[in-house]
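Read the structure below first, then the notes.
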Amino acid sequence: DQQVKQNSPSLSVQEGRISILNCDYTNSMFDYFLWYKKYPAEGPTFLISISSIKDKNEDGRFTVFLNKSAKHLSLHIVPSQPGDSAVYFCAASPSGNTPLVFGKGTRLSVIA
Amino acid sequence: IAGITQAPTSQILAAGRRMTLRCTQDMRHNAMYWYRQDLGLGLRLIHYSNTAGTTGKGEVPDGYSVSRANTDDFPLTLASAVPSQTSVYFCASSVLGGGGHNEQFFGPGTRLTVL
Chain A
41 DQQVKQNSPS LSVQEGRISI LNCDYTNSMF DYFLWYKKYP AEGPTFLISI SSIKDKNEDG
101 RFTVFLNKSA KHLSLHIVPS QPGDSAVYFC AASPSGNTPL VFGKGTRLSV IA
Chain B
-5 IAGITQAPTS QILAAGRRMT LRCTQDMRHN AMYWYRQDLG LGLRLIHYSN TAGTTGKGEV
55 PDGYSVSRAN TDDFPLTLAS AVPSQTSVYF CASSVLGGGG HNEQFFGPGT RLTVL
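Quick mapping for you: the protein sequence lines, in order, are chains A and B.
If you want the numbering used here, it's the 1-based position in the first sequence plus 40.
Every letter in the second sequence is one number past the one before it in the numbering used here, and letter 50, counting from 1, is 44.
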């Protein structure tokens, strides 16, 4: 059973508009959430994270929102730029020594 | 600064052959991981190691083995490759294993095709 779900395989957004990528999780023991960005032919790179004790974390054009009661987080990119076109993975961190759990990813296309 | 290196970059392999994918990190990270990425399935964890000398099974460990003889190296071996192991393989490392703000750093990947 998938513990981290990204239900939208792809998303297209016009340049300058807001991109919203969503992620749902099922395990209430997750205490840290991370977003990774992946360009073709490269490894994923860390983008932004949020602790379960917060509901928002902002870094430049990127903001992650966490709704613990709904077990939902979202990544907002504003304004979106063509260079943001990539696959975005949501990941959740369980407690203890268990590795991160990744979602299946959402491919974002920002159209100029 | 190398970070994480993987070798080979790509490989075409006949089914039934043995293959070892190499991964080396120079960040002195304690934990290392192997993932495979397949279209529509995202990143799936194969094996991991929280510290040198220990390993653990991930989501899809069958057909793969790993060893962690030292901090820097974490090779992934396919004892007898099958076509379903055609994938892109990513190695990653993190300062510590497990939970918390445990950012993983990824290598560039190895594209493996098993015919």
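Just so you know, even glycine gets a beta-carbon here, dropped at the ideal spot from N, CA and C.
Item	Value
Member of Arg57(A), Ser89(A), Ser125(A) and His112(A) whose CA lies at the smallest distance from the CA of Asn47(A)	His112(A)
Closer than 8 Å to chain B by CB, Tyr128(A)	no
Three-pair Cβ contact test at 8 Å for the region 15 to 27 of chain B versus the region 77 to 85 of chain A	no
Exposure label - Ala63(B); buried when at least 16 CB within 10 Å	exposed
Through-space distance from Trp75(A) to Gln5(B), alpha-carbon basis	29 Å
Cut-off 6 Å between Cβ atoms - residues of its own chain near Leu140(A), not counting five sequence neighbours on either side	Ala131 and Ser133
Test item: CB-CB of Phe102(A) and Ser89(A) under 8 Å	no
Proximal residues of chain B, C-beta to C-beta of Phe102(A) below 9 Å	Here the premise fails: no neighbours, minimum Cβ distance about 15 Å.
Minimum C-alpha distance to Ser81(B) - residue among Gly(-3)(B), Tyr42(B) and Gly103(B)	Gly103(B)
Contact list for Glu55(A) against chain B, beta-carbon separation under 7 Å	Within chain B, no residue comes near Glu55(A); the closest Cβ sits about 26 Å away, beyond 7 Å.
Cβ-based burial, Ser78(B) [other Cβ within 10 Å; buried from 16]	exposed
Sequence-distant residues of the same chain with beta carbon closer than 6 Å to Leu15(B), five excluded per side	Leu70, Tyr83 and Thr104
Spatial neighbours of Gly57(B) in its chain, beta-carbon cut-off 7 Å, leaving aside the 5 residues before and after	Leu72, Val76 and Gln79
Local Cβ density within 10 Å of Thr(-1)(B), reported as buried at 16 or more and exposed below that	exposed
Straight-line gap, Leu106(B) to Arg38(B) (C-alpha atoms, nearest Å)	15 Å
Range covered by the beta strand (DSSP E) that runs through Gln98(B)	No beta strand (DSSP E) holds Gln98(B); DSSP gives it neither H nor E.
Buried versus exposed call for Lys96(A) [16 or more other C-beta atoms within 10 Å across all chains shown]	exposed
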